[in-house]
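**Q** Have a look at the structure that comes next, please.
Numbering (full-length UniProt numbering), first residue to last: 1 to 546.
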């Protein structure tokens with residue numbers, strides 16, 4: 001059976017099963033029809049035999065000679081003549097003492113009819129019986145012989161006709177039966193092929209195994225999605241709902257499927273989409289005190305709307321993701337760090353002034369401004385794109401807040417952008433590499449909280465080196481760090497390094513990672529070619545961090 005399923009496509013299997021069903025139905029019909037015809041033929045033969053027996057019983061030659069000596073010489077010729085004329089197997093005339101006066105076998109005339117079937121006929125009864133004799137199954141008709149106007153019985157006429165067996169009957173009609181069977185089987189075969197093609201078409205020419213696989217994949221995909229999914233059929237009953245949708249709806253009821261959407265979500269707009277057939281995108285609504293962004297689309301099969309589907313996601317999550325991808329979060333983070341740093345410095349200055357340490361306050365102001373201005377002058381001089389320079393300044397301030405020593409090599413420069421990488425893409429690469437390096441040294445002792453950054457370009461292209469003295473990356477994970485969604489920092493991470501790899505690959509570059517557990521990690525990015533620096537744009541930095 002497994003081989004049958006594996007090597008025969010669904011259409012062929014359906015055609016074979018349908019044809020076998022038709023064949024069995026025809027065979028059963030032929031058998032039942034044969035049995036019915038046999039019974040009808042037997043009944044007809046019984047009526048015919050009884051009619052012949054009645055005719056003989058009413059003949060004067062029979063009535064006047066049965067029961068009289070020498071009567072057989074008159075009765076036998078009459079009975080034989082009628083037997084031969086009607087084609088019955090035998091005609092037996094007996095008197096009330098069971099003595100035969102006629103028989104197809106002359107030697108049996110004068111003998112006694114011992115069969116118990118005769119008993120009722122001797123009691124003035126007329127009937128038909130069925131028996132299995134030496135010549136085969138037969139029907140026998142018994143008719144009493146009466147005289148004196150039917151008041152006195154003098155004997156019985158017995159007429160027997162051999163009935164054909166089912167096999168004999170089949171052989172007799174097979175010449176007419178075979179063409180009918182052939183036409184019926186051909187019709188059944190064509191019908192089976194048509195039915196198989198229709199079923200196959202309704203299943204989009206998919207095999208059952210393919211349908212099962214697609215269903216399992218769809219179920220896994222729906223449950224893995226970060227969006228809530230609800231689908232309804234044309235009767236507005238829920239057919240699909242994933243776990244995220246249940247969470248946003250605030251229900252853990254496993255019996256949601258099959259219920260009306262208006263019962264589960266009374267103010268749903270899915271029925272409207274079902275009626276109009278028009279999709280609705282990026283609409284905001286409130287679900288259980290949560291603002292979500294909803295997309296609704298009709299489900300069509302062969303152009304006909306058979307259902308509707310809604311996908312929705314927490315607006316807060318969408319906004320967070322948008323901030324990550326557009327760089328807003330990086331700018332906000334940089335401003336927050338600088339604001340925090342300057343507040344600390346202002347507090348220090350205010351404290352010195354309150355203590356009348358005016359000169360110390362002045363010296364402190366010059367010291368911190370000189371340090372900041374030196375780094376600013378270095379970056380603005382050596383980095384042609386102001387957005388990249390701003391990114392590095394922001395990461396430097398971020399490192400100071402985290403008490404990490406971020407060393408930016410004074411020879412770092414960016415005189416031209418790579419030909420296939422704009423400032424926005426380069427900002428993604430640098431921002432994520434630095435942020436991952438800062439994260440890597442958070443868990444080590446203060447003396448090892450160091451990160452080194454170097455960027456240089458020449459006629460061969462751009463080279464970026466970021467080194468940290470963190471815990472390093474286990475060897476079995478180094479090949480996976482650039483996979484989308486992979487992260488050792490928990491859920492909702494694993495985007496940044498994936499985007500780094502994506503932008504570097506797009507620019508035709510290469511990433512090299514050297515890491516030892518307990519010693520740290522060095523990431524080197526090489527991007528070939530060069531192109532003139534462009535004017536920084538407002539969205540130049542997309543500092544997505546994983």
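Ideal Cβ positions, reconstructed from N, Cα and C, are used throughout, including at glycine.
Just so you know, these numbers come straight off a predicted model, no measurement behind them.
Among the residues of its own chain, which have a CB less than 7 Å from the CB of residue 492, if the five just before and after it don't count?
**A** For residue 492, the predicted model reports a pLDDT of 45, less than 50, meaning its position is unreliable; a value from the coordinates is still stated below. None.
**Q** Taking the alpha carbon of residue 523 as the reference point, which residue from 390, 508 and 482 has its own alpha carbon closest?
**A** Here the closest residue by C-alpha is 482.
**Q** Roughly how many angstroms lie between the CA atoms of residue 283 and residue 401, to the nearest whole one?
**A** One C-alpha to the other measures close to 40 Å.
**Q** Is the separation between the beta-carbon of residue 426 and that of residue 417 shorter than 8 Å?
**A** Taking 8 Å as the Cβ cut-off, residue 426 and residue 417 qualify as a contacting pair.
**Q** Based on the DSSP output, what are the partners of residue 283 in its beta bridges?
**A** For residue 283, which the question treats as bridged, DSSP gives the partners 294.
**Q** Just reading off the beta strand (DSSP E) that residue 71 is part of, what are its end residues?
**A** Counting along the chain, residue 71 falls outside any beta strand (DSSP E), and DSSP gives it neither H nor E.
**Q** Are the Cβ atoms of residue 162 and residue 138 separated by less than 8 Å?
**A** Yes; because the gap between Cβ atoms is below 8 Å, this pair is in contact.
**Q** Kindly indicate which three-state DSSP category residue 189 falls into: helix, strand or coil?
**A** If DSSP states are grouped into helix, strand and coil, residue 189 belongs with the helices.
**Q** Work out the CA separation of residue 41 and residue 171 for me, nearest whole Å.
**A** Going by the C-alpha atoms only, they are around 15 Å apart.
**Q** Under a three-way DSSP split, which group does residue 59 fall into?
**A** Coil, per DSSP.
**Q** So, residue 145 versus residue 157, is the Cβ gap smaller than 8 Å?
**A** Cβ distance < 8 Å, so residue 145 and residue 157 count as in contact.
**Q** Should residue 298 and residue 265 be called a contact, given that it needs their Cβ atoms to be closer than 8 Å?
**A** It is not a contact, given that the beta carbons lie outside the stated cut-off.
**Q** Assign residue 496 to one of three DSSP states: helix, strand, or coil.
**A** In the structure shown, residue 496 sits in a helix (DSSP, three-state: H, G or I).
**Q** Could you pull out every residue in the same chain whose Cβ sits closer than 6 Å to the Cβ of residue 230, ignoring the five residues on either side in sequence?
**A** So the list reads 241, 245 and 310, once near-sequence residues are dropped.
**Q** Which residue's Cα is closest to the Cα of residue 276: 296, 291 and 263?
**A** Considering only alpha carbons, the answer is 296.
**Q** Thinking C-alpha only, which one of 464, 473 and 382 is nearest residue 504?
**A** Measuring from the Cα of residue 504, the nearest candidate turns out to be 464.
**Q** Between the C-alpha atoms of residue 496 and residue 432, what's the straight-line distance to the nearest angstrom?
**A** The straight-line gap from Cα to Cα measures roughly 6 Å.
**Q** In the DSSP assignment, what are the bridge partners of residue 241?
**A** Note: residue 241 sits in a beta bridge opposite 230.
**Q** Sorted by chain position, which residues of the same chain lie with C-beta nearer than 6 Å to residue 53's C-beta, five sequence neighbours on each side aside?
**A** Only 141, 143, 157 and 159 meet the Cβ criterion.
**Q** For chain B, find out if any of its Cβ atoms is closer than 8 Å to the Cβ of residue 296; answer yes or no.
**A** Of the protein chains in the structure, only one exists, and it is not chain B.
**Q** Tell me which same chain residues have a C-beta within less than 7 Å of the C-beta of residue 281, skipping the five on either side of it?
**A** Closer than 7 Å at Cβ, skipping near neighbours: 295.
**Q** From the DSSP output, which residues share a beta bridge with residue 138?
**A** Bridge partners of residue 138: 131 and 162.
**Q** Express the C-alpha separation of residue 186 and residue 179 in angstroms, rounding to a whole number.
**A** Near 10 Å, if we compare the C-alpha coordinates of residue 186 and residue 179.
**Q** Please go through the same chain and pick out, in chain order, the residues whose beta-carbon is closer than 7 Å to the beta-carbon of residue 438, but skip the five residues on each side of it.
**A** Taken in chain order, the residues that qualify are 398, 399, 402, 404 and 451.
**Q** Check the C-beta distance from residue 258 over to residue 313 and give it rounded, since I have them as a contact under 8 Å.
**A** So it is not a contact: roughly 25 Å between Cβ atoms.
**Q** Assign residue 89 to one of three DSSP states: helix, strand, or coil.
**A** Note: residue 89 maps to coil in three-state DSSP.
**Q** Residue 504 bridges to which residues according to DSSP?
**A** Partner(s): none; residue 504 has no beta bridge.
**Q** For residue 100, write down the residues that DSSP places opposite it in a beta bridge.
**A** Paired residues: 94.
**Q** Taking residue 421 as the reference, which of 444, 527 and 409 has the closest Cα?
**A** Taking only the C-alpha atoms, the option nearest residue 421 is 527.
**Q** Under 8 Å between the Cβ atoms of residue 551 and residue 455?
**A** Given a span of 1 to 546 for the chain in the structure shown, any question on residue 551 remains unanswerable.
**Q** Leaving out five residues before and five after residue 498 in sequence, what residues of the same chain have Cβ atoms less than 7 Å from its Cβ?
**A** Result list for residue 498: 482, 483 and 484, in chain order.
**Q** Could you tell me the alpha carbon to alpha carbon distance between residue 115 and residue 74, rounded to whole angstroms?
**A** If I take the Cα positions, the gap works out to 24 Å.
**Q** Spatial neighbours of residue 120 within its chain, please: CB distance less than 8 Å, with the 5 preceding and 5 following residues excluded, ordered by chain position.
**A** Excluding residues within five positions, the ones whose Cβ falls inside 8 Å are 127 and 142.
**Q** Report the option in 395, 459 and 442 whose CA atom is closest to the CA atom of residue 428.
**A** Of the candidates 395, 459 and 442, the one whose C-alpha sits nearest the C-alpha of residue 428 is 395.
**Q** How would you label residue 519, buried or exposed, when you count the other beta carbons within 10 angstroms and need 16 or more for buried?
**A** Exposed is the call here.
**Q** Would you kindly work out how many angstroms separate the C-alpha atoms of residue 260 and residue 390, rounded to a whole number?
**A** So the two alpha carbons sit approximately 55 Å from each other.
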